[in-house]
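Here is the structure we will look at, set down as structure tokens.
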Amino acid sequence: MTAERIDGKAFAALLRERVGALAGQFEQKAGRKAGLAVVLVGEDPASQVYVRSKHKATVAAGMESFEHRLPVDTSEADLLALVEQLNADDAVDGILVQLPLPDHLDEQSVIASISPDKDVDGFHVTNAGRLAVGQNGFVPCTPLGCMMLLTDRLGDLSGLEAVVIGRSNIVGKPMAQLLLDANATVTIAHSRTKDLPSVVKRADIVVAAVGRAEMVKAEWLKEGATVIDVGINRLPPAEGEEKGRLVGDVDYAGAEGIAAAITPVPGGVGPMTIAVLLRNTLVAAHRNAGLEVPQSL
Ligand code: GUN
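Mapping the sequence shown onto numbering that gives the first Met the number 0, position 272 (from 1) lands on 271, and the numbers just tick up by one.
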């Protein structure tokens, strides 16, 4: 058996198209475009790439992109003042402060300063709490994207055994909440889990989000499992390579012979994150404008 490759890139392209169409309808109804503000402090090269991609995708979806690039030595007071200004700006529906921040800035204080109703990253404790108790808030983009891929493929997840490997606030914990809401039986595994292979063995759904190259071995998987690989790890360059290959947290080549379906790296979960960010921003725009959120979002 060769596992089906879950094409996150194609799924994300369709989602961006749908968001683009609905963004046009939003503009008609609201008399303005939906707006996303992205704040980047410093010049971290990976963050610069992400921020540029977010800007391009936002504009391509027919939404307004407000980019704020601040010097690396920006004070916390200045950053908080900018967030306050964006909180109060009616043209801004979503606010994203790109992480990681330089060491002298406290990420938790900065996230806490974002209005929960503009927190399209879903990182604010209010949104984490809303997710925990089943209220409408904003769900972090990566786990929500994983969930979309899972339900697209599997439909009803009721009663399925799901194992999430990794317990970060950004992926593992919200992922587990979403799976629980969908009536899966959920286990969160992490670096202290005893006998991880046997925990993974019982899973119908495996979500790997640990950030360690090819840590999850093919022989750990149950035959027919659905595997979502959130990891993006660069291997050391092999002979003749300038840069090492990008791989996930799962041994893809081995898993292909055992799983029913698996997301590739790259081209799986990665492209979903920005598409979901646009989706969350358009949801925020509808709520902020007092308009009903379209079902198809
Ligand atoms: N840095 C890497 N991914 C993300 C993300 O999804 N949101 C924010 N704010 N920063 C990030």
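Don't be surprised by glycine CBs; every beta carbon is placed ideally from N, CA and C.
A Cβ-Cβ distance of about 19 Å is found for the pair G266 and A217, leaving them out of contact under the 8 Å criterion. Residue range E75 to N86 is occupied by the alpha helix (DSSP H) that includes E75, with no beta strand (DSSP E) assigned at that position.
For R31, no beta strand (DSSP E) run applies, since DSSP gives it neither H nor E. Here the distance from the Cβ of L85 to the nearest heavy atom of ligand 1 is not below 6 Å.
For S190 and G210, the gap between their C-alpha atoms comes out near 11 Å. Using a cutoff of 6 Å, the CB of L95 counts as near ligand 1, since one of the ligand's heavy atoms is closer than that.
Counting other Cβ atoms within 10 Å of its Cβ, Q97 reaches 16 or more and is therefore classed as buried.
Looking only at A29, G223 and E83, the smallest Cα-Cα distance to R286 is reached by A29.
Excluding its 5 nearest sequence neighbours in each direction, R4 has C-beta neighbours in its own chain below 6 Å: P263, listed in chain order. In its chain, beyond the 5 residues on either side, S112 have a beta carbon closer than 6 Å to the beta carbon of L79. Inclusion of L179 and V185 in the CB contact set at 7 Å is warranted, their separation being smaller than that value. The alpha-carbon of H103 is positioned some 20 Å away from that of V37. For T192, no alpha helix (DSSP H) encloses it, and the DSSP letter there is neither H nor E. One Cα belongs to L276, the other to D120, and the distance between them is close to 7 Å. Counting along the chain, S64 sits inside the beta strand (DSSP E) bounded by residues E63 to L69. Uninterrupted alpha helix (DSSP H) stretches at least 4 residues long and entirely within the region 228-259 occur at 251-254, given in chain order. Runs of the beta strand (DSSP E) spanning 3 or more residues and lying entirely within the region 76-156 occur at 93-96, in chain order.
Judged by pairs of C-beta atoms under 8 Å, the region 16-35 does not touch the region 237-244, as fewer than three such pairs exist.
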